[in-house]
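Asker: Handing you this structure, nothing more for now.
Protein chains in written order, with this note's numbering: chain A, 1 to 299; chain B, 300 to 606.
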């Protein structure tokens with residue numbers, strides 16, 4: 001039983017870690033900008049496409065294959081640097097203070113545009129580049145074989161939680177972000193450049209999504225439709241944890257991962273239902289999510 | 300004057316497929332989506348945005364297919380059942396969803412519809428999985444029609460229903476019950492103090508909107524001849540909201556104008572490019588940024604906007 005469960009668990013947790021990257025970016029953007037970015041999933045898949053392209057380039061030039069790790073990270077930074085400021089300044093800022101309906105629709109329009117742009121640029125075939133995964137190899141404990149890459153993914157998710165917490169609690173930028181989240185007008189009136197905070201926070205969110213997509217390329221590959229699938233999953237995780245809660249997103253992705261394990265173990269055909277069923281169950285009891293609260297949007 | 304304009308528009312729609320037969324399918328689908336978008340627009344009046352209405356659209360399409368396979372072949376009967384199916388699913392979902400507002404309402408609708416989508420896609424034995432199911436061609440008053448003849452009947456029936464249902468929904472929106480929706484949007488607590496049960500107002504609106512989506516779903520199922528889980532995917536729900544907003548939430552014709560606009564744009568766009576979503580996305584953003592009243596707002600009289 002254990003030999004059957006543990007690889008399953010590791011597999012689910014690794015995919016939950018990937019969703020976590022997207023979800024925590026979504027939740028961060030929501031808490032700072034108060035905009036639910038429906039196009040967030042597209043940035044995840046764009047990160048994946050860029051990473052796959054660079055990795056394939058590295059492989060084709062016979063460069064040192066350890067460069068592909070750097071490529072994964074670089075592509076996330078690259079996507080964030082280009083799309084973060086562009087989308088925030090060009091589109092999202094016009095929706096500040098508007099109703100949720102407008103915000104959801106504007107970003108839905110952006111989602112449609114980005115999905116088609118990806119199709120135009122990268123085509124409809126799926127990308128798959130597992131060089132980074134093969135490099136790390138496998139290890140075997142008690143006769144069960146693991147992919148080391150999956151353990152790296154889970155470790156990176158933990159690093160992101162700790163890193164974000166440190167950033168927000170112990171740096172000047174983090175303090176400024178907290179101030180803007182707590183009271184936007186007051187922050188502005190004491191001289192904080194809120195526009196700069198918005199750009200930075202949005203770009204950080206894009207970076208996290210793109211990082212998730214880049215890290216997903218070696219395991220599951222990138223194909224059209226990934227952005228839409230990721231969007232709802234990230235949304236489910238962010239909602240379970242409570243919108244705006246970083247640790248909440250981490251716990252929620254654990255819950256979703258475990259729910260999937262249970263579903264695969266008990267009723268294999270229902271594994272795709274598990275995340276949404278978990279979201280429904282949590283939201284019906286606590287509509288503000290596990291860690292969310294009615295009024296305060298903490299970070 | 301406005302009645303004349305509407306009558307002229309409906310008449311034009313009725314004549315168009317005679318001149319260009321390929322338009323018939325496009326228009327039928329547009330009307331089907333218009334029904335569902337009208338449902339979304341009803342809820343938008345109360346300030347509630349649902350990213351899950353494609354569930355009712357799909358649920359009724361599946362229900363009708365099951366009924367048709369179980370031996371109910373009459374088109375009229377099936378359409379009545381489709382409205383009932385939509386209303387039933389809407390009553391169940393609505394009974395707990397109308398407690399929520401704003402982004403939580405949107406999220407929960409999304410969650411419910413995605414559970415439904417995942418079930419449809421995964422229960423291969425029942426729903427045919429992602430392949431979906433073929434919808435049998437129903438009979439009309441006991442007559443067994445050929446497929447092209449049936450599609451024509453379906454189109455003219457949908458057109459008639461559009462007028463009939465459109466007028467009824469307009470009456471509902473003009474009734475105190477309908478006006479209460481806008482009041483929920485402006486100040487919900489005031490409404491409670493006046494003795495109006497907000498919960499009931501919203502539940503009725505929810506059931507009405509789900510029933511409308513159900514009717515649209517059945518018509519779309521018949522027109523396409525196949526139901527697939529993608530009917531219920533969240534992007535389909537997004538498109539319904541998009542249509543409702545394109546048409547402007549100002550009135551009943553708006554939803555149908557929005558749907559027609561979108562479907563015709565689609566047909567025109569696919570002849571030039573396959574990047575159809577790119578065009579829709581840009582149109583959506585432009586409309587929201589520069590024409591907050593929607594496409595319908597272009598035609599609506601100016602004084603209507605003075606609250």
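Note that beta-carbon positions come from the ideal geometry of N, C-alpha and C, so glycine has one too.
What are the start and end residues of the alpha helix (DSSP H) that includes residue 146/A?
Answerer: Premise fails: residue 146/A lies in the beta strand (DSSP E), 144-147, not in any alpha helix (DSSP H).
Asker: Under 7 Å between the Cβ atoms of residue 351/B and residue 409/B?
Answerer: Result yes, Cβ atoms of residue 351/B and residue 409/B sit closer than 7 Å.
Asker: Residues of chain A with a CB under 9 Å from the CB of residue 348/B: which are they?
Answerer: The contacting residues are 99, 100, 101, 104 and 105.
Asker: Mind pulling the chain B residues with CB within less than 7 Å of residue 115/A?
Answerer: Going along chain B in sequence order, the residues near residue 115/A (Cβ under 7 Å) are 576.
Asker: Would you mind reading off the limits of the alpha helix (DSSP H) that contains residue 75/A?
Answerer: Its alpha helix (DSSP H) spans residues 67-90.
Asker: What residue ranges within the region 436-513 of chain B form continuous alpha helix (DSSP H) runs of no fewer than 4 residues, ordered along the chain?
Answerer: List check, alpha helix (DSSP H) in window: 446-473, 475-485 and 487-492.
Asker: In angstroms with no decimal places, state the Cα-to-Cα distance between residue 164/A and residue 302/B.
Answerer: Straight-line Cα distance between these residues: approximately 60 Å.
Asker: Would you call the region 44-61 of chain A in contact with the region 214-228 of chain A, where contact means no fewer than 3 C-beta pairs closer than 8 Å?
Answerer: Touching, yes, given that three or more Cβ pairs across the two stretches are closer than 8 Å.
Asker: From residue 606/B to residue 485/B, what does the alpha carbon distance come to, in whole angstroms?
Answerer: At residue 606/B the pLDDT is 39, less than 50, meaning the model places this residue with poor confidence; the figure from the coordinates comes in the next sentence. Between residue 606/B and residue 485/B, the C-alpha separation is close to 12 Å.
Asker: By how many angstroms is the C-alpha of residue 389/B removed from the C-alpha of residue 167/A?
Answerer: Looking at the two C-alpha atoms, the distance is approximately 45 Å.
Asker: Taking all protein chains shown into account, decide if residue 312/B is buried (16 or more other Cβ within 10 angstroms of its Cβ) or exposed.
Answerer: The residue in question, residue 312/B, is buried, as its Cβ has 16 or more Cβ neighbours within 10 Å.
Asker: Which residues in the same chain as residue 100/A place their Cβ atom closer than 8 Å to its Cβ, once the five residues preceding and following it in sequence are excluded?
Answerer: Taken in chain order, the residues that qualify are 36.
Asker: Which of the three DSSP states, helix, strand or coil, is assigned to residue 526/B?
Answerer: Residue state, collapsed to three classes: strand.
Asker: Measuring alpha carbon to alpha carbon, tell me which of 242/A, 139/A and 152/A ends up nearest residue 284/A.
Answerer: The option with the nearest alpha carbon to residue 284/A is 242/A.
Asker: If you measure beta-carbon to beta-carbon, which residues of the region 323-336 of chain B are closer than 9 Å to chain A?
Answerer: Going along the region 323-336 of chain B in chain order, one finds no residue with a Cβ nearer than 9 Å to chain A.
Asker: With a CB to CB cut of under 7 Å and the five nearest residues on each side skipped, what residues in its chain are close to residue 297/A?
Answerer: In this prediction, residue 297/A scores a pLDDT of 45, lower than 50, which makes its location untrustworthy; no coordinate-derived value is stated.
Asker: Give me, in chain order, the residues of the same chain whose beta-carbon lies closer than 6 Å to that of residue 426/B; leave out the 5 immediate sequence neighbours on both sides.
Answerer: Only 419 meet the Cβ criterion.
Asker: Is it buried or exposed for residue 13/A, if we count other Cβ within 10 angstroms and need 16 for buried?
Answerer: So residue 13/A counts as buried.
Asker: Go through its chain and collect everything with a Cβ distance to residue 28/A's Cβ below 6 Å, but skip five positions before and after it.
Answerer: Correct list, in chain order: 205.
Asker: How many angstroms separate the CA atom of residue 136/A from the CA atom of residue 38/A?
Answerer: Roughly 34 Å separates the two Cα atoms.
Asker: Mind checking whether residue 88/A and residue 198/A have CB atoms under 7 Å apart?
Answerer: Contact flag set, yes.
Asker: So, is residue 195/A buried or exposed, given that buried needs 16 or more other C-beta atoms within 10 angstroms?
Answerer: Exposed, since its Cβ has fewer than 16 Cβ neighbours within 10 Å.
Asker: Are residue 92/A and residue 246/A touching if we call contact CB-CB under 7 Å?
Answerer: Result no, Cβ atoms of residue 92/A and residue 246/A do not sit closer than 7 Å.
Asker: I'd like the span of the alpha helix (DSSP H) that includes residue 46/A, first residue to last.
Answerer: Per DSSP, residue 46/A belongs to the alpha helix (DSSP H) from 40-60.
Asker: Is it true that the region 260-274 of chain A meets the region 5-12 of chain A, where meeting means three or more beta-carbon pairs spaced less than 8 Å apart?
Answerer: In short, these stretches touch, since the Cβ pair count reaches three.
Asker: By the criterion of Cβ-Cβ separation under 8 Å, what are the contact partners of residue 403/B in chain A?
Answerer: Simply 283, 287 and 288.
Asker: For residue 345/B, which of helix, strand or coil comes out of DSSP?
Answerer: Here residue 345/B sits in coil by DSSP.
Asker: Per DSSP, residue 555/B is paired with what?
Answerer: Note: residue 555/B sits in no beta bridge, so no partner.
Asker: Could you check whether the Cβ of residue 186/A sits closer than 7 Å to any Cβ belonging to chain B?
Answerer: With 7 Å as the cut-off, residue 186/A does not count as an interface residue toward chain B.
Asker: Smallest Cα separation from residue 320/B: which of 356/B, 448/B, 386/B and 416/B?
Answerer: Cα-wise, what sits closest to residue 320/B is 448/B.
Asker: Could you have a look at residue 11/A and say whether DSSP puts it in helix, strand or coil?
Answerer: The answer is helix: DSSP assigns residue 11/A an H, G or I state.
Asker: From residue 586/B to residue 105/A, what does the alpha carbon distance come to, in whole angstroms?
Answerer: Approximately 11 Å, taken between the alpha carbons.
Asker: Give the interface partners of residue 399/B over in chain A, defined as CB-CB distance under 9 Å, in chain order.
Answerer: The contacting residues are 283 and 287.
Asker: Going by the CB atoms, is the gap between residue 511/B and residue 334/B shorter than 7 Å?
Answerer: The answer is yes: Cβ separation under 7 Å.
Asker: Considering only their Cβ atoms, is the gap separating residue 17/A from residue 256/A smaller than 7 Å?
Answerer: Result no, Cβ atoms of residue 256/A and residue 17/A do not sit closer than 7 Å.
Asker: Straight-line CA distance for residue 139/A to residue 145/A?
Answerer: Going from the Cα of residue 139/A to the Cα of residue 145/A covers about 6 Å.
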